[in-house]
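Reading the sequence shown from the start, the letters are residues -21 to -1, 1 to 361 in mature numbering (1 follows the signal peptide of the UniProt record, and there is no 0). Beta carbons are placed, not taken as given, at the ideal position from N, Cα and C, and that holds for glycine.
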Amino acid sequence: MNTLKYIIGLWLLLGVASCGSGNDDSAVIHLPDNQTDPVLDISPEQYLAGKLDTGRYALRTFEQLIRTTGVLDVPPEGRAQVSAYFEGYVKSLNLIPGQRVRRGQTLFTLENPAYIEVQQDYLEVKNSLDYLKREYERQGELVKDNFTSEKNYLKAESDYRVSESKYQSLRKRLEMMRIDPDELTDTTIQTTIGIRSPFSGFVTGVNASTGMFLSPGDVAVSLLNTNHIHVELSVYESDLSKVSVGQDIRFKVQSDLATWYDADIYLINRLIDEDKRTVLVHGHLKDESLARDLTPGMYVEAEIVTKQDSMPALPEEAVVKMENQSYVLVWNDHGGDENLSFERREVKVGPLYNGFYPLRNAEDFTPETTFLIGGVFGLITE
């Protein structure tokens, strides 16, 4: 190829003026009458006027892809249906769908006089527990010295155990009501409780309003956490053997078809949909910070990279396809002193990928073989 560059350089130094002045037939490439002749001579004027170029094949990476579609989703723990463990009337609720909330933030408050009873019962049991414990311990010492009956000891033990169980039960109940048992006193008893957000995310639905009575289990607010968004793809069972955990995924959403997001396969569902004959492939984003630009439920177009091969390749411009065959023009260095001689050669190529054809019969050429890159189609098909 260095020899070819030297020849072209001489043309430029000598100034091939004819290719840039007027209408000169020398600037037009005429094929011989016998179009089956595989050899083609090109003059300096024709080479420059045709804006031709040359090059060698080079190794490039080719991917085998499965093209599919799917949707974006979040894991089950990323969705919450917020309800109350305790019935009550909604005293305050200031949320709208789409609003961002923080973990631990009060979503709404409930009011019910029954909350007072729970707090009173807790304080009463707490105040009596110390006495019952001391009495139980005292009766234990007395029964050892035979100063009291075993019946009195067992009665003291029973009273203490029952009170301790009730104390722990009421304490857990207060914690579920988001009332701190350790801070509760006779002067801090409250009639309202706050229902808090289990995680940071967005409000997707509000099913309650101020003054509404909520029973346990009634869903008041729906929340969504998009921090761990993932992609769910449908893959036909015929392609199932080609996919495996860890393979790369590229996908784009309908709102921005120019942007590709990178993910990889995390799980492959082994249950085949009987109607569609597909399986679900679960992928995780490689950069989860990009989840802020995505919304669960979005439709996606995706590519799963099942295999990567490094192969000799030629640019699309170097290959001409005619009648189910592919051809190239190869410099054979056997032309005249001034002309360049190219030989038409058949090649075997794979599918076009990113502007390049994989050269499947590279063994028929050498790494130094020089191919005509630009203008090949016009020369071979004339």
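Can you say whether A28 is buried or exposed, counting buried as having 16 or more other CB atoms within 10 angstroms of its CB? Position 49 of the sequence shown, counting from 1, holds the residue named residue 28. It is buried - the Cβ of A28 has at least 16 other Cβ atoms within 10 Å.
How do the region 169 to 179 and the region 106 to 123 stand: do at least 3 beta-carbon pairs fall below 8 Å, yes or no? no
Same chain only: Cβ atoms within 6 Å of L212, ignoring 5 sequence neighbours per side: Residue 212 sits at position 233 when you count from the first residue of the sequence shown. Within the same chain, L212 has close Cβ partners T47, G49, V260, A281.
Per DSSP, what kind of secondary structure is M155 in: helix, strand or coil? Indexing the sequence shown from 1 puts residue 155 at position 176. Three-state DSSP puts M155 in a helix.
Whole-number beta carbon distance between L193 and G67, since they are thought to touch under 8 Å: For the purposes of this step, residue 67 is taken as residue 88 along the sequence shown, with counting starting at 1. For the purposes of this step, residue 193 is taken as residue 214 along the sequence shown, with counting starting at 1. That pair is a contact at about 6 Å.
Is DSSP giving R323 helix, strand or coil here? Against the sequence shown, residue 323 aligns to sequence position 344. Strand, per DSSP.
Does the region 92 to 100 come close enough to the region 237 to 245 that 3 or more CB-CB pairs lie under 8 Å? no
Does the count of Cβ pairs from the region 27 to 42 and the region 199 to 219 closer than 8 Å reach three? no
Where in the region 15 to 93 do unbroken runs of the alpha helix (DSSP H), each at least 4 residues long, occur, reported from the N-terminal end onward? 23 to 28
For I75, is the classification buried or exposed, using 16 other Cβ atoms within 10 angstroms of its Cβ as the cut-off for buried? Locating residue 75 in the sequence shown gives position 96, counting from the first residue. Its Cβ having fewer than 16 others within 10 Å, I75 is exposed.
Under DSSP, the beta strand (DSSP E) around A242 begins and ends at which residues? Against the sequence shown, residue 242 aligns to sequence position 263. Per DSSP, A242 belongs to the beta strand (DSSP E) from 235 to 247.
Figure out for me which residue from F321, F344, L338, S142 has the closest Cα to the Cα of L38. Here residue 38 is taken as the residue at index 59 of the sequence shown, counted from 1. Checked all of F321, F344, L338, S142; the closest Cα to L38 is L338.
Could you name the residues of the same chain whose beta carbon sits closer than 7 Å to that of G119, not counting the 5 residues immediately before and after it, in chain order? Reading the sequence shown from its first residue, position 140 is the one you call residue 119. The answer, listed in chain order, is Y132.
Cβ-Cβ separation, P17 to residue 372 (assumed contact under 8 Å), whole Å: The structure shown does not extend to residue 372, since the chain spans only -21 to 361, so no value can be given for it.
Considering only their Cβ atoms, is the gap separating L308 from F350 smaller than 9 Å? On the sequence shown, residue 350 is found 371 positions in, with the first residue counted as 1. On the sequence shown, residue 308 is found 329 positions in, with the first residue counted as 1. Going by C-beta atoms, F350 is nearer than 9 Å to L308.
Skipping 5 residues on each side, what residues in its chain have a beta carbon closer than 6 Å to that of A59? Indexing the sequence shown from 1 puts residue 59 at position 80. Contacts found: P177, L202.
Opposite F192 in the DSSP bridges: which residues? Here residue 192 refers to the residue found at position 213 when the sequence shown is read from its first residue. According to DSSP, which records beta bridges pairwise, F192 is partnered with Y68.
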